[in-house]
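In the numbering used here, the protein residues as written are 7 to 175.
Working notes, beginning with the structure itself.
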Amino acid sequence: FALAAGFTPSVSRACIMVGLMILAQLLNREYDSPTALAFAGLVMLMESPLVITSISFQMSFACVIGILLFDAPISRWLTGKLGRPKGKGPKARLKRWFISSVSISLSAISLTTPISAYYFGTVSLVGLLTNLVTLWAVSLSFYGIVAALALSLVWMPGAIAIAHIASKV
Numbered sequence: 007f008a009l010a011a012g013f014t015p016s017v018s019r020a021c022i023m024v025g026l027m028i029l030a031q032l033l034n035r036e037y038d039s040p041t042a043l044a045f046a047g048l049v050m051l052m053e054s055p056l057v058i059t060s061i062s063f064q065m066s067f068a069c070v071i072g073i074l075l076f077d078a079p080i081s082r083w084l085t086g087k088l089g090r091p092k093g094k095g096p097k098a099r100l101k102r103w104f105i106s107s108v109s110i111s112l113s114a115i116s117l118t119t120p121i122s123a124y125y126f127g128t129v130s131l132v133g134l135l136t137n138l139v140t141l142w143a144v145s146l147s148f149y150g151i152v153a154a155l156a157l158s159l160v161w162m163p164g165a166i167a168i169a170h171i172a173s174k175v
């Protein structure tokens, strides 16, 4: 994936962190997100110190730091305001999805908004809303791509059909 995406700073950061998560699982160790993020930054800066000037690098790290710092408190606050979702029914699942989506989105934009304002001179006022409206489509498309890749190992015509559907989401 990183090769296809061109090893952008955000993709490199994500791949290093996911690699560390997989390694932790294989070695039966606990994965620590802040440590993984710091390690990813260190590796990237050792490879190319000027990567720190990349807007992609700054936005990617700010987004993850925002999520690590603010997701849990915002989620607790929203749960307190909306009530704890109970059960496994559709209403409870929708409430959990809503709380999680809003919490992650607010956390991510908390530190990326100032960077965006600085570099681009503008701030999106509809960012949170567009995240909520498009999140299902991104997830569906991603799962479709993964399914197509897995199916391509055994049945290429089916994989092509799934990939076509996923590309239209």
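Positions of the beta carbon are idealized from the N, C-alpha and C atoms, including for glycine.
Source: prediction; values computed, not measured.
#1: Pick helix, strand or coil for Trp103, following the three-state DSSP scheme.
#2: When the Cα of Ile80 is compared with those of Tyr124, Ser106 and Val49, which residue comes out closest?
#3: Spatial neighbours of Ala153 within its chain, please: CB distance less than 6 Å, with the 5 preceding and 5 following residues excluded, ordered by chain position.
#4: Are the Cβ atoms of Ile121 and Gly133 separated by less than 8 Å?
#5: Go ahead and pull the three-state DSSP assignment for Pro5.
#6: Between Trp83 and chain C, is the shortest Cβ-Cβ distance under 8 Å, so that the two count as touching?
#7: Beta-carbon separation of Leu157 and Val175 under 8 Å?
#8: Taking the C-alpha atoms as reference points, what is the distance between Gly47 and Gln31?
#9: How many Å lie between Lys97 and Pro91 at the Cα?
#10: Phe126: which of Ser62, Ser173 and Gly164 sits nearest, CA to CA?
#11: Tell me the DSSP secondary structure of Leu176 in three-state form.
#12: Suppose the cutoff is 6 Å on Cβ atoms and the five residues either side in sequence are ignored; what does the same chain contact list for Leu26 look like?
#13: Taking 7 Å as the limit between beta carbons, can you name the residues of its chain near Thr85, skipping five residues before and five after?
#14: Measure the C-alpha to C-alpha separation of Arg82 and Gly89 and round it to an integer number of angstroms.
#15: Please go through the same chain and pick out, in chain order, the residues whose beta-carbon is closer than 8 Å to the beta-carbon of Pro40, but skip the five residues on each side of it.
#16: Please report the Cβ distance between Ile16 and Phe76, rounded to the nearest whole angstrom; I am assuming they are in contact, meaning their Cβ atoms lie under 8 Å.
According to the structure shown:
#1: helix
#2: Ser106
#3: For Ala153, where only same-chain residues beyond five positions count, the Cβ hits under 6 Å are Ile168.
#4: no
#5: Residue 5 cannot be examined here, being either before or after the span of the chain that is shown, 7 to 175.
#6: Of the protein chains in this structure there is only one, and it is not chain C.
#7: no
#8: 21 Å
#9: 8 Å
#10: Ser62
#11: It is not possible to answer for residue 176, since the shown part of the chain is limited to 7 through 175.
#12: Ala42
#13: Ile105
#14: 10 Å
#15: Leu74
#16: Note on residue identity: the sequence assigns Ser, not Ile, to residue 16. About 19 Å; that fails the 8 Å criterion.
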